[in-house]
Amino acid sequence: MSDTWYQELALQFEDGTTESVFLDMTRSGRHKPRVAAMPAPWTKLEFERCPSCTLPPEAGWCPAALSLEETISRLSQRTSIEIVTATSVDSENRCTTVKWPLQQVGAAFVQIAVFSSGCPVGAQFRSMLQDLRPFSTTKEVGRHIVLKHLLRHAGSVDGAKAAVLARLGPLREVFGQLFKRIQGIPRGASQDAIPNSIVHVHAMTQHLELMVEDLVEDLLRETQVPPTPQPKKPPPDPST
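In our numbering, the protein residues as written are 71 to 310.
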């Protein structure tokens, strides 16, 4: 994933201030947050731990929470309804720019925290997001994931649908638990931008679960190859 997707996010606020966040990635494409000297208590692994988490207790900290802690510290004075111009840059210097409310842009940070931090649930989606463009809509993300599963299951519709739904359930839980985690942040240390971004991504995941059936049908209809027309027989020769 390190050759595509998010590498840097530049935010320009309406008051003229800017915030550039370089996403330090390992060679495997994982986000390496700049961890505080003493991470906050709400980032501890056992605090509101996800039911599907497979990390051993000695891991100590939730990787997704550590990633979000850095983001929250940068956006602590901002509110979710602020309109920002956000530009994503990948390792090939390709840029994608949107002008959205901060809570919608912040969803990108939440996705990075879950899919690229070392979260075992999010890690199952990493290879599927490799060629997904930044700031994708819910439908674009859903089509991308469903198509990847159809390819993995050699076109088996039932197998692909079952696999997608089996993964989306635990993913929804991760976003729900992250929201519970950040309730432990003291008042005044965070505005509502990231909490509302988590709610946004959680709702997106719920929506995807409901869209799977329709997305599969759409993709099958679009990829259906029409039958090859049979060559017409020449008319009978009247001279014979």
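By construction, the Cβ of each residue, glycine as well, lies at the ideal position given by its N, Cα and C atoms.
On a predicted model such as this, the values are computed, not experimentally measured, just so you know.
Tell me, which residues are paired with residue i by DSSP?
| i | result |
| --- | --- |
| residue 82 | 88 and 155 |
| residue 169 | 155 |
Quick one: Cα of residue i to Cα of residue j, how far?
| i | j | result |
| --- | --- | --- |
| residue 224 | residue 305 | 43 Å |
| residue 255 | residue 141 | 13 Å |
| residue 283 | residue 108 | 45 Å |
| residue 170 | residue 264 | 14 Å |
| residue 203 | residue 120 | 28 Å |
| residue 230 | residue 292 | 17 Å |
| residue 97 | residue 186 | Unreliable placement is indicated for residue 97, whose pLDDT of 43 sits below 50; the coordinate value is still reported in the next sentence. Looking at the two C-alpha atoms, the distance is approximately 12 Å. |
| residue 226 | residue 234 | 12 Å |
| residue 71 | residue 138 | Confidence at residue 71 is low in this model, with a pLDDT of 43, below 50, so the placement of that residue should be treated as unreliable; the coordinate-derived value is given next. Straight-line Cα distance between these residues: approximately 19 Å. |
| residue 270 | residue 173 | 7 Å |
| residue 122 | residue 132 | 13 Å |
| residue 209 | residue 79 | 22 Å |
DSSP on residue i, reduced to helix/strand/coil?
| i | result |
| --- | --- |
| residue 164 | coil |
| residue 231 | helix |
| residue 114 | strand |
| residue 99 | Note that residue 99 scores 46 on pLDDT, short of 50, meaning its location in the model is unreliable; the coordinates nonetheless yield the value given after this. Note: residue 99 maps to coil in three-state DSSP. |
Roughly how far, in whole angstroms, is the beta-carbon of residue i from the beta-carbon of residue j, given that I think they are within contact range, below 8 Å?
| i | j | result |
| --- | --- | --- |
| residue 178 | residue 195 | Their Cβ separation, rounded to whole angstroms, is 14 Å, which puts residue 178 and residue 195 out of contact at 8 Å. |
| residue 81 | residue 175 | 7 Å |
| residue 180 | residue 267 | 5 Å |
| residue 156 | residue 251 | Contact flag wrong, Cβ pair sits at about 24 Å. |
| residue 89 | residue 153 | Contact doesn't hold; Cβ gap of about 14 Å is too wide. |
Exercise for the section: Kindly confirm or deny that the segment 123-134 and the segment 143-157 touch, where touching means at least three C-beta pairs closer than 8 Å. Expected result: Contact check between the segment 123-134 and the segment 143-157: fewer than three CB pairs, one atom from each, fall below 8 Å, which does not count as touching.
Problem - Segment contact, 8 Å Cβ cut-off, at least three pairs: the segment 237-251 with the segment 278-296 - result: yes
Problem - Three-pair Cβ contact test at 8 Å for the segment 211-226 versus the segment 285-294 - result: yes
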